[in-house]
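Colleague: One structure, pasted below without further comment.
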Amino acid sequence: MTQTPDPGAEQNEPAEGIGEEFAGLTPEEFLARTADNTAAEPAAAEPAAEGEEESADPLTAARTELAERTEDLKRLQAEYVNYRKRVERDRDVARTQGVESIVRDLMPVLDAIVQAEAHGELTGGFRLVADELAKVTSRHGLVAFGEPGEEFDPRRHEALMQVPVPGSDEMSIHEVMQRGFELAGTIVRPARVVVAVPAGGEDDTAAEGEQSQDGDEPEGA
Numbered sequence: 001m002t003q004t005p006d007p008g009a010e011q012n013e014p015a016e017g018i019g020e021e022f023a024g025l026t027p028e029e030f031l032a033r034t035a036d037n038t039a040a041e042p043a044a045a046e047p048a049a050e051g052e053e054e055s056a057d058p059l060t061a062a063r064t065e066l067a068e069r070t071e072d073l074k075r076l077q078a079e080y081v082n083y084r085k086r087v088e089r090d091r092d093v094a095r096t097q098g099v100e101s102i103v104r105d106l107m108p109v110l111d112a113i114v115q116a117e118a119h120g121e122l123t124g125g126f127r128l129v130a131d132e133l134a135k136v137t138s139r140h141g142l143v144a145f146g147e148p149g150e151e152f153d154p155r156r157h158e159a160l161m162q163v164p165v166p167g168s169d170e171m172s173i174h175e176v177m178q179r180g181f182e183l184a185g186t187i188v189r190p191a192r193v194v195v196a197v198p199a200g201g202e203d204d205t206a207a208e209g210e211q212s213q214d215g216d217e218p219e220g221a
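full-length UniProt numbering numbers the first residue of the sequence shown as 1 and each following residue consecutively.
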């Protein structure tokens, strides 16, 4: 005898493709279980987002640190450049001071050579020594100055006396008593000179003053 399948029995069998965890669940239990799984998916995605933020923070920190180190390097480089300039400047000053000290010691010798030449005594081996000394001092930047006829400059010349000269309309050097020396633009010793002044300048001024006083006296005096 053929048995007729029971429709109710087919409905109670689990559908293919359904996991064992859902087998035997009522429709209400199935919906509740799937709702829990769906709500858990965003929660699982949150740690991944936090991981991305954590990976971005070290990159930003590294860039910030790199910028700071770059600024530090630029500052150190500028300080080093200023240090080199200061060292070079101090070295030049020390060199100039050393040469000036030697030059001051040689001034009496140079003056003696000039006097010997003026008296015709600079001959023979003495002439060779004097010429060599002049080359050495010139190579180190020493320049002698002070010649008759130059315009008088109180910054470069020391006036020992004044001499009235007819026809002179300005103060000029009449005679050089001792040459001056200049080293690297600095006056080491001013030239000691006799200054020529216009003749009668002081007498004319005094005469004008006397005439002015005479003119102020009353006629009946």
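Where is the CB? At the ideal position from N, CA and C, for every residue including glycine.
Three-state secondary structure (DSSP) at GLU132?
Modeller: GLU132 falls in the helix class under three-state DSSP.
Colleague: Could you give the residue range of the beta strand (DSSP E) that holds PRO198?
Modeller: First-last of the beta strand (DSSP E) with PRO198: 191-198.
Colleague: Give a yes or no on whether the C-beta atoms belonging to GLU171 and VAL195 are separated by under 7 Å.
Modeller: Note on residue identity: the sequence assigns Met, not Glu, to residue 171. In contact: MET171 and VAL195 (Cβ atoms closer than 7 Å).
Colleague: On the three-state DSSP scale, how would you describe GLY141?
Modeller: Of the three classes helix, strand and coil, the one that applies to GLY141 here is coil, per DSSP.
Colleague: Quick one: give me the first and last residue of the beta strand (DSSP E) that ALA184 is part of.
Modeller: That residue, ALA184, is in no beta strand (DSSP E); it is neither H nor E in DSSP.
Colleague: Classify THR60 as buried or exposed, calling it buried when 16 or more other Cβ atoms lie within 10 Å of its own Cβ.
Modeller: THR60 comes out exposed.
Colleague: Which of the three DSSP states, helix, strand or coil, is assigned to SER172?
Modeller: Three-state result, SER172: strand.
Colleague: What is the rounded straight-line gap between the Cα of ASP131 and the Cα of LEU122?
Modeller: Spanning the two alpha carbons is a distance of roughly 10 Å.
Colleague: Measure how close the beta-carbons of VAL99 and LEU183 come, nearest whole angstrom, since I'm counting them as under 8 Å.
Modeller: Confirmed, Cβ separation roughly 7 Å.
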